[in-house]
Amino acid sequence: MCGIIGYTGNRNALEVILEGLKRLEYRGYDSVGIAVGNHEIRVYKRRGSVSALESDIRKTSLSGTIGIGHTRWATHGEPSDRNAHPFLDCTGRFALVHNGIIENYQEIKEELRSKGHSFTSDTDTEVIVHLIEDLYEGDILKAVMGAVSRLDGSFAIVVMAAGERRLIGVRKESPLVIGLGEGENFLASDVPAFLKYTNRAVFLQDGDIAVITANSWKVLNFGGEEVKREVTDIPWNVESAEKGGFKHFMLKEIFEQPYAIMNTLRGTSSLYLRTVDENDFERIKIVACGTSYHAGMIGKYVFEEMLRIPVDVDVASEFRYRERIREDAIYVFITQSGETADTLAAARIARRMGHRTIAITNVIGSSITREVDEVIYTNAGPEIGVAATKSFTTQIVAIYRLAQHIAEVRGLAAHDDLWTELRLLPRLVSNVLQRHSEIEDIARTLKTAQNMFYIGRNISYPTALEGALKMKEISYIHAEGYPAGELKHGPLALLTPKTPVVALVPPDRTYMKMLGNVKEVAARGAPVIGVGAEGDEDLIKYVDRTIYVPRTRPIFYPVPISVALQLLAYYTADMRGCEIDKPRNLAKSVTVE
Ligand code: F6R
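Residue numbers (the numbering used here): 11 to 603.
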C-alpha cells in the first residue's frame, strides 16, 4: 500500500511530485523518493518524511518536466534509504516505482544476477527495473510489457526512461489512476495525488497498461491491444479523496479487505520459520491485546483443530504479571502496530525465559520485530481508522497460513482442499461487502439501543467478542460478547425487548445448540439479528433479521462474519452521529502500559 505519483507536462515536475507525495503521506509512510529528468534521470530517496526529502532536494539543482515519486510502506526489506523507491537499472536509464508484492522476485533475481545484474536493495521491486533493462531492445513499452508478463503477484508500477516523454503505468490488483490535465497528465495510485491540478480521471482496470505523454493517453491490455476506458469527473474535494470517496477511513478500510487479504495470502505463500521448521514444541502460546487478542483466540480454535496442539491465549497485560511456568512452547505475539507496550513487554519476558518467539504484525520495522525471533507480516497496508478492521481479518489469515505451514512441516494429514478454499476468502469478503445496504438497513434497528449482546459458540465465540468490541468502541452502545452457552449462567437476566442480540449461527458442529440459544433469547422478547450461511432457510424462522454470508468451511467463517459485523457497527455508529475514525478516549497505538 505505497503511494505513487507520475507526471509529464510543462511544469516543474519536482514541485508537482512533491505536492502529490504530500497528498499521499497522510496515511503515514516510512520512506520516500523521487526521480526527475528529461535527458538524464536523477533520483533522490531516503527513509523518513516527504518534508525531509524536500529539504534535501532544495539544496540541489534537480529539474525537469517529467518524473515519478513514491511514498513507501515497507513490505520486502526494512524502511531504509536503499530500500526506498524509485529504483534504477544498472545503466541508470530506467526508473521505476511499485506498489504491491512480486511473489517470484527471488527466482527472477537469481536469473538476472547470473546475467551480471547487481542489486542495491532487499526489495522485490528492484528486479522489475532490471528485467526491463534486460528485455529492452529500443522500445520501452515492449520491454515493460515483456517484464510484466514474467511477474507473479500484485502490482501497480510506473516507469520512466531517460530521453522519453512518456510514462508507462501497469495495473494488476493494485490501484492506478490516470489524471488528465491540459497539456499535462498524471499517473497515480490515488486521486488526491493530482486533484490540485485536475479532477478528470481514468481508473485503470486489472491488466491495463497506460501510456501517457503531456498531450495524449491510451490504455492497452497485456497483449498490446488498445482498450477503451471511461473518463470520470471526480466530484470529491481533497479531504474526501483521501478517503477514496468513502465517508470515513474505517469504511474505506473495511472495503479494502479483499485486496488486503490477497496481499496477506501472497506474502505468506511460502513461509520459512526456523522456529517451527527446526524445533519441536508441544504447545503454542499466543499473547496480544484488544482486537489482536481476539484474532489470537480464533487462532486457538484453528491450531487446536488443524494441528491438535494445545494452545493458550493471554491478554498481554495479564500475561506480564502472572506466574509463568516454563513449557515446551513457542510464543506467537499478535500486534497490528507492533508498538503496543504490553505486547512488547510480554515478548521480552518470553524471550528471557528462553522461548522461541514469532510476531504477526502489520508494520515492518516496528518495535515487535526487534523483540522476536521471526516475523510474519500481514501486509494489510496502513490502517488509519482507530478501530481495527482490515488488520484483524488479515491477522486471522496469517494464522491460517501459520497453521498450514506447521501442518506441512509436521507432515500432518493433507488438508489440500481446505487450503485451496483459503484462497477464496477475498472473493467471499467481496460478496459480503456487496450486501452493505442490507446491513445498513438492519443497523437502523440498532440506532437507539443502549445495550446489546453478541453470542456465538466455538470459533464464532471470539468472532462475537470482536463484533461487540467494534460496536462498543465506535457507536458507544454497551455491547457484550458472550459464549452462547453461558447466557443462562447470568446474562439472560438482562435480556428485554430493548436488548438486541446478534447471534452468530454458521453451519458448524454447534449449529443446533446455537439455534437453541436463539430460541432462548427470543423467548425473553429480545430482538435477534441472526448471522448465518447463505441459503439457511431455518435460521429465518427464529430470528427477526438475518445477515447472510457466503458458505465456506467452518474454520473460515470468522473472516466473512467479521466483515459483516464491522459494517453493522459502522452504519450504527454513523447513524448515531459518532466520530467514527477517532472514537473518544482511544488511540491507534497504545504505547503506554
Ligand atoms: C480495537 C483496536 C485495539 C487494538 C489493540 C492492540 O479496534 O484496534 O483493540 O487491537 O490496541 O493493538 P495492536 O494490534 O496494534 O497491538
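For every residue, glycine included, the Cβ atom is placed at its ideal position computed from N, Cα and C.
Taking a C-beta distance under 7 Å as the contact criterion, ILE167 and ALA153 do not qualify as a contact pair. THR455 is not a Cβ neighbour of LEU514, given a cutoff of 7 Å. In this structure, the straight-line span from the alpha carbon of ARG175 to that of LEU197 is close to 14 Å. If you draw a 10 Å sphere on the C-beta of SER347, you find 16 or more other C-beta atoms in it, and that means buried. Looking at the DSSP output, ALA453 sits in no beta bridge, so it has no partner there. As a beta-bridge residue in DSSP terms, HIS80 pairs with ILE14, GLY43. The beta-carbon separation of ALA494 and GLY466, rounded to 6 Å, stays under the 8 Å limit for a contact. Note that the C-beta distance between THR371 and ILE378 is below 7 Å. A Cβ-Cβ contact shorter than 7 Å links ILE188 with VAL212.
The set of residues with a C-beta under 5 Å from any non-hydrogen atom of the ligand F6R comprises CYS299, GLY300, THR301, SER302, THR345, GLN346, SER347, THR350, ALA397, ALA398, VAL600, given in chain order.
Boundaries of the alpha helix (DSSP H) around ALA251: 248 to 252. Two segments are said to touch when three or more pairs of C-beta atoms, one from each, lie closer than 8 Å; by this definition the stretch 354 to 368 touches the stretch 333 to 342. Of the residues TYR558, SER199, GLY58, THR404, the one whose Cα lies closest to the Cα of ILE271 is THR404. Put simply, the backbone Cα of VAL531 is about 49 Å away from that of GLU113. Looking at the DSSP output, ALA574 shares a beta bridge with no other residue.
Looking at the DSSP output, LYS482 bridges to nothing. By the neighbour-count criterion, in which a residue is buried when 16 or more other Cβ atoms sit within 10 angstroms of its Cβ, GLY77 is buried. Counting only runs of 3 or more residues that sit fully inside the stretch 285 to 316, the beta strand (DSSP E) segments are 293 to 298, in chain order.
The secondary-structure analysis by DSSP pairs LEU230 across a beta bridge with ILE219, GLU236.
Residue state for VAL325 is assigned as strand, using DSSP reduced to three classes. Within its own chain, the residues whose Cβ lies closer than 7 Å to the Cβ of ASP40, once the five positions on either side in sequence are excluded, are ARG57, ARG82, TRP83, ALA84, PRO89, GLY375, listed in chain order.
Secondary-structure assignment with DSSP links PHE196 through a beta bridge to TYR17, GLY189. In this chain, the alpha helix (DSSP H) harbouring MET524 covers 521 to 533. In chain order, ASP518 place their CB closer than 6 Å to the CB of PRO564, counting only its own chain and leaving out the 5 sequence neighbours on each side. Two segments are said to touch when three or more pairs of C-beta atoms, one from each, lie closer than 8 Å; by this definition the stretch 425 to 439 does not touch the stretch 284 to 294.
Look at ASP134 here: in three-state DSSP terms it is coil, with no helix or strand label. Secondary-structure assignment with DSSP links MET170 through a beta bridge to ALA105. Secondary structure at ARG420: coil, using DSSP grouped into helix, strand and coil.
As a beta-bridge residue in DSSP terms, MET462 pairs with ALA489. Remark: C-beta atoms of ASN389 and ASN273 approach each other more closely than 7 Å. The alpha-carbon separation between VAL407 and ASN22 amounts to approximately 44 Å. Looking at GLY110, VAL528, ARG334, SER447, the one whose alpha-carbon comes closest to that of LYS295 is ARG334. Apart from sequence neighbours up to five positions away, the residues of its chain that approach GLU50 with a beta-carbon distance below 7 Å are ALA172, ordered along the chain. With a cut-off of 8 Å on Cβ pairs, the stretch 485 to 499 is not in contact with the stretch 541 to 556, counting fewer than three such pairs. Look at TYR341 here: in three-state DSSP terms it is strand.
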